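Enquirer:
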Amino acid sequence: LEIGADRLADAAGAVDRYGTSIMILDFGTAFTAAVVTRDRVWRGGVIAPGFPLVRDYFYEKTAKLPRLEIGNGRVPKIGRSTQEAMRFGAIVGYRGMVREIAAELTRNFKENFRIVATGGFARLALKDTGLDYTVDPDLTLYGTGLICAKSL
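Mapping to the numbering used here: the sequence shown position 77 is 89, numbers consecutive.
This is the structure in structure tokens:
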């Protein structure tokens with residue numbers, strides 16, 4: 013069984029700060045989600061493309077699409093230019109993926125999870141999703157410190 017150290021640190025920090033029945037969403041290069049159920053068991057999680065991968069994919073893999081500028085993260089009503097169309101697709105599509113993953117995990121475990129988010133893209137990804145969440149920017153470092161303190 014292989015689990016990333018950052019994912020375990022996120023879980024340790026989240027349980028210590030917020031208790032159990034928790035869903036941890038980490039928004040970095042990859043997007044990860046994990047759940048710890050009310051019985052204090054880390055059940056596993058999800059790894060999906062992070063926002064940087066979504067943002068940069070078209071530019072890197074197509075001949076003519078430009079590098080996506082996110083700007084302030086506001087979504088246009090519809091894309092009236094290539095850049096706006098890409099921004100709409102990237103942000104709305106990404107938020108939809110996050111919302112659906114959170115909903116599926118909730119259905120799978122039949123728990124009302126508290127959502128704690130961390131990582132550089134947390135606020136952008138969760139804005140306007142309708143999810144109730146807390147952003148904890150130093151969760152991974154906090155959890156790492158807990159794990160280190162226990163191993164001394």
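Ideal placement from N, C-alpha and C gives every residue a C-beta, glycine not left out. These figures come from a predicted structure and were not determined experimentally.
(1) Three or more C-beta pairs closer than 8 Å, one from the segment 35–53 and one from the segment 118–138: is that the case here?
(2) For Gly142, collect the residues of the same chain with a Cβ closer than 8 Å to its Cβ; drop the 5 residues on either side in sequence, then sort them by chain order.
(3) Between Arg50 and Glu96, how many whole angstroms is the CB-CB distance? I'm expecting something under 8 Å.
(4) Return the residue from the list Ala137, Ser33, Thr74, Gly155 that minimises the CA-CA distance to Met109.
(5) Which partner residues of Ile159 appear in the DSSP bridge assignment?
(6) In chain order, which continuous runs of the beta strand (DSSP E) of length 3 or greater are located wholly inside the segment 33–73?
(7) What do you get for Asp150, buried or exposed, if any count of 16 or more other CB atoms within 10 angstroms of its CB means buried?
(8) Is DSSP giving Thr152 helix, strand or coil here?
(9) Of all the options Thr74, Pro78, Asp38, which has the alpha carbon lying nearest to the alpha carbon of Ala114?
(10) Only counting the same chain, and skipping five residues up and downstream in sequence, which positions put a Cβ closer than 8 Å to that of Asp140?
(11) Could you spell out the range, first to last residue, of the alpha helix (DSSP H) harbouring Thr94?
(12) Assuming Gly19 and Asp148 make a contact with CB atoms under 8 Å, what is their CB distance in whole Å?
(13) Can you tell me whether DSSP reads Arg19 as helix, strand or coil?
Expert: So, from the listed chains and residues:
(1) yes
(2) Residues Arg111 of the same chain have their beta carbon placed closer than 8 Å to that of Gly142, with the five preceding and five following residues left out of the count.
(3) At roughly 44 Å, the Cβ-Cβ gap does not stay under 8 Å, so Arg50 and Glu96 are not in contact.
(4) Ala137
(5) According to DSSP, Ile159 bridges with nothing at all.
(6) 34–39, 42–48, 54–61
(7) exposed
(8) When DSSP states are grouped into helix, strand and coil, Thr152 belongs to the helix group.
(9) Asp38
(10) By the criterion of a C-beta distance shorter than 8 Å, Asp140 is surrounded in its chain by Val87, Arg107, once the five residues flanking it on both sides are discounted.
(11) Annotation: the continuous alpha helix (DSSP H) that includes Thr94 extends over 94–121.
(12) Reading off the sequence, residue 19 comes out as Arg, not Gly. About 15 Å separates the two Cβ atoms, so there is no contact after all.
(13) Note: Arg19 maps to helix in three-state DSSP.
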